[in-house]
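In this note's numbering, the protein residues as written are 508 to 641.
Printed below as a string of structure tokens:
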């Protein structure tokens with residue numbers, strides 16, 4: 508089932524609560540009546556082998572991932588969780604792994620715009636005892 512990755516886009520709706528949104532591009536998506544953590548659990552019950560979790564409140568900010576959301580989902584499921592949305596540098600990735608309990612991290616704009624290189628991020632994570640592929 509690991510080949511089935513479910514993407515969950517979620518926005519905060521209160522302390523410790525996030526609501527799932529459908530993808531909406533630059534419009535921010537449409538909220539649906541699903542709690543993000545409950546939906547993550549249900550997706551794994553249905554056979555999802557990994558979860559790609561995007562904290563929409565952090566997405567595009569380059570201020571770091573939504574650590575609380577990532578941790579809540581990581582602690583609720585038994586499959587790998589990929590943190591997405593908000594990476595501004597390698598230190599944010601390290602925080603998502605160590606504090607958010609993510610199994611992997613996703614970044615886009617920091618690579619697209621040359622802010623950081625993939626090699627730089629891998630070296631940084633390896634220096635902090637995070638296993639990375641060569």
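The beta carbon of each residue, even a glycine, is placed where N, CA and C say it ideally should be.
Of the listed residues the options, nearest to residue i (C-alpha basis)
i           : options            : result
residue 547 : 521, 513, 630, 610 : 513
residue 637 : 595, 621, 609, 577 : 609
residue 523 : 617, 580, 570, 623 : 580
residue 556 : 511, 618, 617, 516 : 511
residue 554 : 603, 622, 509      : 509
residue 516 : 551, 634, 571, 577 : 577
residue 540 : 528, 571, 600      : 528
residue 611 : 525, 538, 572      : 572
residue 565 : 620, 525, 630      : 525
residue 619 : 635, 630, 607, 596 : 596
residue 589 : 606, 530, 559      : 559
Straight-line gap, residue i to residue j (C-alpha atoms, nearest Å)
i           : j           : result
residue 640 : residue 626 : 10 Å
residue 518 : residue 594 : 16 Å
residue 585 : residue 542 : 18 Å
residue 562 : residue 592 : 6 Å
residue 600 : residue 544 : 21 Å
residue 568 : residue 617 : 11 Å
residue 551 : residue 603 : 21 Å
residue 549 : residue 598 : 31 Å
residue 614 : residue 520 : 24 Å
residue 634 : residue 623 : 16 Å
residue 607 : residue 621 : 25 Å
residue 630 : residue 530 : 33 Å
Any C-beta of chain C under 8 Å from that of residue i
i           : result
residue 619 : Among the chains in the structure shown there is no chain C, since it carries only a single protein chain.
Span of the beta strand (DSSP E), counted from its first residue to its last, around residue i
i           : result
residue 538 : 537 to 542
Opposing strand residues paired with residue i [DSSP bridges]
i           : result
residue 526 : 518, 542
residue 560 : 515, 590
Exercise for review: Counting only runs of 4+ residues fully inside the region 575 to 640, write out the alpha helix (DSSP H) ranges in chain order.
Suggested key: 597 to 605, 616 to 619, 625 to 634
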